[in-house]
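Enquirer: Anchor point for the sequence shown: position 236 equals 237 in our numbering, and the numbering is continuous, going up by one each time.
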Amino acid sequence: MTDRADHAIKVLRSELDELAALVGGFGPDDLARQSGAAEWDVSQVLSHLGSGAEISLAALEGASRGTGSPDFDFIKGVWARWDGMSRAQRAEEVISANEALVGRFEGLDPKTREDLRVELWFPAEAPDVAGFAAMRLSEFTHHLWDVKVAFDPAATLTAEALDLLIAGGDAFVGFLGKPEGLGGRHATVAVHTTSPERSFGLDVREAVAVVDVPSEPDAVLTAPAEWWLRLVSGRHAPEHTPAAVEITGDAVTLDDLRKVFPGF
(Lines of atoms letter the chains of each structure in order from A; the text may use other names.)
(Lines give C-alpha, C1' and ligand atoms only; values in the text may rest on other atoms or scores of the structure.)
Protein backbone atom coordinates (compact mmCIF):
# COMPACT_ATOMS: atom_id res chain seq x y z
CA MET A 2 0.00 0.00 0.00
CA THR A 3 2.88 2.39 0.65
CA ASP A 4 3.96 2.07 -3.00
CA ARG A 5 0.45 3.09 -4.10
CA ALA A 6 0.45 5.99 -1.66
CA ASP A 7 3.92 7.06 -2.82
CA HIS A 8 2.80 7.03 -6.44
CA ALA A 9 -0.39 9.01 -5.79
CA ILE A 10 1.49 11.63 -3.78
CA LYS A 11 4.20 11.91 -6.42
CA VAL A 12 1.63 12.47 -9.18
CA LEU A 13 -0.23 14.99 -7.02
CA ARG A 14 3.03 16.95 -6.72
CA SER A 15 3.57 16.83 -10.48
CA GLU A 16 0.03 18.01 -11.20
CA LEU A 17 0.29 20.81 -8.64
CA ASP A 18 3.47 21.99 -10.32
CA GLU A 19 1.66 21.93 -13.67
CA LEU A 20 -1.27 23.93 -12.28
CA ALA A 21 1.11 26.46 -10.70
CA ALA A 22 2.82 27.02 -14.04
CA LEU A 23 -0.54 27.58 -15.73
CA VAL A 24 -2.00 29.87 -13.08
CA GLY A 25 1.17 31.95 -12.99
CA GLY A 26 0.48 33.03 -16.56
CA PHE A 27 -3.24 33.75 -16.23
CA GLY A 28 -4.62 37.24 -16.64
CA PRO A 29 -8.13 38.50 -15.80
CA ASP A 30 -9.59 37.29 -19.10
CA ASP A 31 -8.10 33.81 -18.62
CA LEU A 32 -9.67 33.45 -15.18
CA ALA A 33 -13.05 34.48 -16.56
CA ARG A 34 -12.90 31.98 -19.42
CA GLN A 35 -15.41 29.11 -19.54
CA SER A 36 -13.83 25.99 -18.03
CA GLY A 37 -14.49 22.36 -18.81
CA ALA A 38 -17.09 22.39 -16.01
CA ALA A 39 -20.29 23.66 -17.62
CA GLU A 40 -21.33 26.04 -14.82
CA TRP A 41 -17.89 27.33 -13.75
CA ASP A 42 -15.35 29.73 -15.13
CA VAL A 43 -11.66 28.94 -14.65
CA SER A 44 -11.49 30.84 -11.37
CA GLN A 45 -14.39 28.83 -9.95
CA VAL A 46 -12.55 25.61 -10.71
CA LEU A 47 -9.56 27.05 -8.85
CA SER A 48 -11.91 27.92 -5.97
CA HIS A 49 -13.12 24.33 -5.83
CA LEU A 50 -9.56 23.01 -5.89
CA GLY A 51 -8.56 25.41 -3.14
CA SER A 52 -11.48 24.71 -0.82
CA GLY A 53 -11.12 20.98 -1.42
CA ALA A 54 -7.46 21.15 -0.45
CA GLU A 55 -8.30 22.91 2.83
CA ILE A 56 -11.00 20.39 3.71
CA SER A 57 -8.80 17.43 2.78
CA LEU A 58 -5.94 18.82 4.87
CA ALA A 59 -8.29 19.22 7.85
CA ALA A 60 -9.33 15.57 7.49
CA LEU A 61 -5.71 14.44 7.26
CA GLU A 62 -4.75 16.50 10.30
CA GLY A 63 -7.78 15.17 12.18
CA ALA A 64 -6.73 11.61 11.43
CA SER A 65 -3.16 12.30 12.56
CA ARG A 66 -4.29 13.93 15.82
CA GLY A 67 -7.16 11.55 16.50
CA THR A 68 -9.77 14.33 16.40
CA GLY A 69 -11.72 12.99 13.45
CA SER A 70 -13.05 14.60 10.32
CA PRO A 71 -13.93 18.31 9.95
CA ASP A 72 -17.54 19.13 10.82
CA PHE A 73 -20.00 20.68 8.39
CA ASP A 74 -19.79 24.13 9.94
CA PHE A 75 -16.06 24.16 9.17
CA ILE A 76 -16.69 22.98 5.62
CA LYS A 77 -19.40 25.59 4.99
CA GLY A 78 -17.03 28.26 6.27
CA VAL A 79 -14.30 27.15 3.86
CA TRP A 80 -16.72 27.16 0.93
CA ALA A 81 -18.03 30.61 1.86
CA ARG A 82 -14.54 32.08 2.08
CA TRP A 83 -13.53 30.80 -1.35
CA ASP A 84 -16.87 31.76 -2.90
CA GLY A 85 -16.33 35.29 -1.59
CA MET A 86 -12.91 35.70 -3.18
CA SER A 87 -12.31 37.66 -6.34
CA ARG A 88 -11.04 35.76 -9.36
CA ALA A 89 -7.55 37.11 -8.78
CA GLN A 90 -7.59 36.04 -5.12
CA ARG A 91 -8.57 32.51 -6.07
CA ALA A 92 -5.62 32.34 -8.45
CA GLU A 93 -3.31 33.68 -5.74
CA GLU A 94 -4.42 31.27 -3.01
CA VAL A 95 -5.15 28.00 -4.84
CA ILE A 96 -1.50 27.01 -5.10
CA SER A 97 -0.63 27.71 -1.45
CA ALA A 98 -3.70 25.78 -0.27
CA ASN A 99 -2.74 22.76 -2.34
CA GLU A 100 0.93 23.12 -1.44
CA ALA A 101 -0.04 22.77 2.23
CA LEU A 102 -1.95 19.55 1.52
CA VAL A 103 0.61 17.96 -0.80
CA GLY A 104 3.44 18.94 1.54
CA ARG A 105 1.60 17.27 4.43
CA PHE A 106 1.20 14.10 2.37
CA GLU A 107 4.89 14.17 1.47
CA GLY A 108 5.86 14.53 5.12
CA LEU A 109 4.11 11.33 6.24
CA ASP A 110 6.60 8.61 7.18
CA PRO A 111 6.26 5.08 5.71
CA LYS A 112 4.58 3.63 8.82
CA THR A 113 1.98 6.39 8.87
CA ARG A 114 1.35 5.94 5.15
CA GLU A 115 0.70 2.27 5.89
CA ASP A 116 -1.30 2.48 9.13
CA LEU A 117 -3.24 5.76 9.18
CA ARG A 118 -6.96 5.75 8.39
CA VAL A 119 -8.60 9.04 7.41
CA GLU A 120 -12.14 9.63 8.62
CA LEU A 121 -14.11 11.36 5.87
CA TRP A 122 -16.64 14.17 6.17
CA PHE A 123 -19.33 12.14 4.38
CA PRO A 124 -20.65 8.61 4.99
CA ALA A 125 -17.98 6.21 3.78
CA GLU A 126 -15.42 3.80 5.14
CA ALA A 127 -12.26 5.55 6.32
CA PRO A 128 -9.57 4.98 3.64
CA ASP A 129 -5.88 4.48 4.27
CA VAL A 130 -3.44 7.13 3.07
CA ALA A 131 -3.14 5.46 -0.34
CA GLY A 132 -6.90 5.53 -0.80
CA PHE A 133 -7.25 9.08 0.48
CA ALA A 134 -4.44 10.35 -1.74
CA ALA A 135 -5.98 8.55 -4.71
CA MET A 136 -9.33 10.24 -4.00
CA ARG A 137 -7.66 13.63 -4.00
CA LEU A 138 -5.69 12.74 -7.12
CA SER A 139 -8.90 11.82 -8.95
CA GLU A 140 -10.50 15.14 -8.07
CA PHE A 141 -7.38 17.15 -8.87
CA THR A 142 -6.75 15.38 -12.19
CA HIS A 143 -10.28 15.94 -13.47
CA HIS A 144 -10.40 19.58 -12.40
CA LEU A 145 -6.94 20.22 -13.82
CA TRP A 146 -8.43 19.03 -17.10
CA ASP A 147 -11.30 21.50 -16.61
CA VAL A 148 -8.71 24.27 -16.49
CA LYS A 149 -6.52 23.01 -19.34
CA VAL A 150 -9.39 22.38 -21.76
CA ALA A 151 -10.43 26.03 -21.50
CA PHE A 152 -7.30 26.78 -23.55
CA ASP A 153 -6.81 23.49 -25.44
CA PRO A 154 -9.88 21.55 -26.68
CA ALA A 155 -7.69 18.45 -27.17
CA ALA A 156 -6.45 18.41 -23.54
CA THR A 157 -6.29 15.03 -21.83
CA LEU A 158 -6.11 13.77 -18.28
CA THR A 159 -2.58 13.51 -16.89
CA ALA A 160 -1.06 10.28 -18.21
CA GLU A 161 0.87 9.54 -15.00
CA ALA A 162 -2.41 9.38 -13.04
CA LEU A 163 -4.23 6.92 -15.27
CA ASP A 164 -3.05 3.62 -13.75
CA LEU A 165 -4.32 4.66 -10.33
CA LEU A 166 -7.51 6.27 -11.58
CA ILE A 167 -8.56 3.42 -13.86
CA ALA A 168 -7.98 0.96 -11.01
CA GLY A 169 -10.26 2.88 -8.67
CA GLY A 170 -12.73 4.18 -11.22
CA ASP A 171 -15.21 1.32 -11.04
CA ALA A 172 -16.64 2.63 -7.77
CA PHE A 173 -17.71 5.85 -9.48
CA VAL A 174 -19.58 4.12 -12.30
CA GLY A 175 -22.51 3.11 -10.11
CA PHE A 176 -22.56 6.49 -8.35
CA LEU A 177 -22.41 8.64 -11.47
CA GLY A 178 -24.22 6.39 -13.94
CA LYS A 179 -27.88 7.15 -14.69
CA PRO A 180 -29.67 4.12 -16.19
CA GLU A 181 -32.59 6.32 -17.24
CA GLY A 182 -30.23 7.73 -19.85
CA LEU A 183 -31.18 4.77 -22.03
CA GLY A 184 -34.87 5.60 -21.76
CA GLY A 185 -35.82 2.37 -20.02
CA ARG A 186 -33.74 0.09 -22.25
CA HIS A 187 -31.31 -2.46 -20.81
CA ALA A 188 -27.93 -2.91 -22.46
CA THR A 189 -24.48 -4.39 -21.99
CA VAL A 190 -21.35 -2.88 -23.48
CA ALA A 191 -17.93 -4.51 -23.81
CA VAL A 192 -15.35 -1.84 -23.00
CA HIS A 193 -11.72 -2.04 -24.11
CA THR A 194 -9.39 0.76 -23.02
CA THR A 195 -5.92 1.58 -24.21
CA SER A 196 -3.05 3.22 -22.29
CA PRO A 197 -3.49 1.34 -20.00
CA GLU A 198 -5.14 -1.67 -21.60
CA ARG A 199 -8.14 -3.04 -19.75
CA SER A 200 -11.27 -4.95 -20.72
CA PHE A 201 -14.54 -5.13 -18.79
CA GLY A 202 -18.27 -4.86 -19.25
CA LEU A 203 -20.73 -2.05 -18.60
CA ASP A 204 -24.17 -3.21 -17.53
CA VAL A 205 -27.05 -0.72 -17.70
CA ARG A 206 -30.24 -1.96 -16.06
CA GLU A 207 -31.91 -0.71 -12.89
CA ALA A 208 -28.41 0.52 -12.02
CA VAL A 209 -25.14 1.02 -13.88
CA ALA A 210 -22.31 -1.33 -12.99
CA VAL A 211 -18.94 -2.60 -14.16
CA VAL A 212 -19.10 -6.35 -14.80
CA ASP A 213 -17.07 -9.01 -16.57
CA VAL A 214 -16.76 -8.70 -20.33
CA PRO A 215 -20.11 -9.88 -21.74
CA SER A 216 -19.98 -12.74 -24.22
CA GLU A 217 -22.70 -11.19 -26.42
CA PRO A 218 -22.63 -7.42 -25.82
CA ASP A 219 -25.08 -5.00 -27.37
CA ALA A 220 -22.13 -2.78 -28.31
CA VAL A 221 -18.34 -2.66 -28.10
CA LEU A 222 -16.59 0.53 -26.99
CA THR A 223 -12.88 1.03 -27.66
CA ALA A 224 -11.36 4.17 -26.18
CA PRO A 225 -8.27 5.62 -24.52
CA ALA A 226 -8.49 5.04 -20.77
CA GLU A 227 -8.37 8.77 -20.09
CA TRP A 228 -11.47 9.33 -22.23
CA TRP A 229 -13.31 6.49 -20.46
CA LEU A 230 -12.63 8.24 -17.17
CA ARG A 231 -13.81 11.52 -18.65
CA LEU A 232 -16.93 9.80 -20.00
CA VAL A 233 -17.85 8.53 -16.53
CA SER A 234 -17.35 11.99 -15.01
CA GLY A 235 -19.39 13.75 -17.72
CA ARG A 236 -16.43 15.36 -19.54
CA HIS A 237 -17.28 13.82 -22.90
CA ALA A 238 -18.56 16.49 -25.30
CA PRO A 239 -18.01 15.59 -28.97
CA GLU A 240 -15.45 18.39 -29.35
CA HIS A 241 -13.40 16.77 -26.57
CA THR A 242 -13.74 13.21 -27.87
CA PRO A 243 -10.64 11.93 -29.72
CA ALA A 244 -10.89 10.09 -33.03
CA ALA A 245 -9.61 6.93 -31.32
CA VAL A 246 -12.96 6.51 -29.55
CA GLU A 247 -15.06 3.98 -31.44
CA ILE A 248 -18.31 2.15 -30.69
CA THR A 249 -19.69 -0.69 -32.78
CA GLY A 250 -23.15 -2.24 -32.69
CA ASP A 251 -26.48 -0.59 -33.38
CA ALA A 252 -28.06 -0.86 -29.92
CA VAL A 253 -25.96 1.72 -28.05
CA THR A 254 -24.36 4.91 -29.38
CA LEU A 255 -21.84 7.35 -27.93
CA ASP A 256 -24.70 9.79 -27.40
CA ASP A 257 -26.49 7.09 -25.38
CA LEU A 258 -23.44 6.69 -23.15
CA ARG A 259 -23.20 10.45 -22.72
CA LYS A 260 -26.77 10.38 -21.42
CA VAL A 261 -25.96 7.53 -19.03
CA PHE A 262 -23.07 9.62 -17.67
CA PRO A 263 -24.34 13.22 -17.68
CA GLY A 264 -21.92 14.42 -15.01
CA PHE A 265 -22.74 16.28 -11.82
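Backbone N, C-alpha and C fix where the C-beta goes; we use that ideal spot for every residue, glycine too. Since we're looking at a predicted model, the values are computed, not measured.
Could you name the residues that DSSP lists as bridge partners for phenylalanine 201?
Expert: Val192
Enquirer: Assign alanine 89 to one of two classes, buried (16 or more other C-beta atoms within 10 Å of its C-beta) or exposed (fewer than that).
Expert: exposed
Enquirer: Using the Cβ count rule (16 or more neighbours within 10 Å means buried), how would you classify proline 114?
Expert: This sequence places arginine at residue 114; proline is not what is there. With 16 or more Cβ atoms within 10 Å of its Cβ, arginine 114 is classed as buried.
Enquirer: By Cβ distance below 8 Å, which residues in the same chain neighbour glutamate 107 in space, the five residues on each side in sequence not counted?
Expert: Ile10, Arg14
Enquirer: Are the CB atoms of serine 57 and leucine 102 nearer to each other than 7 Å?
Expert: yes
Enquirer: For alanine 252, name the three-state secondary structure that DSSP assigns.
Expert: coil
Enquirer: Is the CB-CB distance between glycine 53 and tryptophan 83 below 7 Å?
Expert: Not closer than 7 Å, so no.
Enquirer: Hey, out of Ser44, Ser139, Leu109, whose CA is closest to alanine 169's CA?
Expert: Residue 169 is actually glycine in this sequence, not alanine. Ranking the options by Cα distance to glycine 169, first place goes to Ser139.
Enquirer: Using a Cβ-Cβ cutoff of less than 8 Å, which residues in the same chain neighbour phenylalanine 27 once the five nearest sequence positions on both sides are dropped?
Expert: Val43, Ala92
Enquirer: Quick one: is valine 212 buried, meaning 16 or more other Cβ sit within 10 Å of its Cβ, or exposed?
Expert: exposed
Enquirer: Looking at alanine 220 and glycine 250, is the spacing between their C-beta atoms short of 7 Å?
Expert: yes
Enquirer: Taking the C-alpha atoms as reference points, what is the distance between alanine 21 and valine 253?
Expert: 41 Å
Enquirer: Which residue from Leu47, Ile76, Pro71, Leu166 puts its Cα closest to that of asparagine 99?
Expert: Among Leu47, Ile76, Pro71, Leu166, the Cα nearest to that of asparagine 99 belongs to Leu47.
Enquirer: Considering only the alpha carbon of each residue, which of Asp72, Pro180, Glu40 lies closest to glutamate 207?
Expert: Pro180
Enquirer: Is the beta carbon of phenylalanine 141 closer than 7 Å to that of valine 233?
Expert: no
Enquirer: Sort out for me which residues DSSP pairs glutamine 35 with in a bridge.
Expert: Asp42
Enquirer: Quick check on the burial criterion: 16 or more other C-beta atoms within 10 angstroms. Buried or exposed for alanine 268?
Expert: The requested residue 268 does not occur in the structure, where the chain is confined to residues 2 to 265.
Enquirer: How big is the Cα-Cα spacing for serine 65 and arginine 236?
Expert: 35 Å
Enquirer: Along the beta strand (DSSP E) that carries valine 209, what are the first and last residues, could you check?
Expert: 209–212
Enquirer: Looking at the structure shown, is proline 111 part of a helix, part of a strand, or coil, going by DSSP?
Expert: helix
Enquirer: Which residues does DSSP list as the beta-bridge partners of arginine 118?
Expert: Asp129
Enquirer: Considering just the uninterrupted stretch of the beta strand (DSSP E) at threonine 3, what are its terminal residues?
Expert: Segment 3–24 is the alpha helix (DSSP H) holding threonine 3; no beta strand (DSSP E) there.
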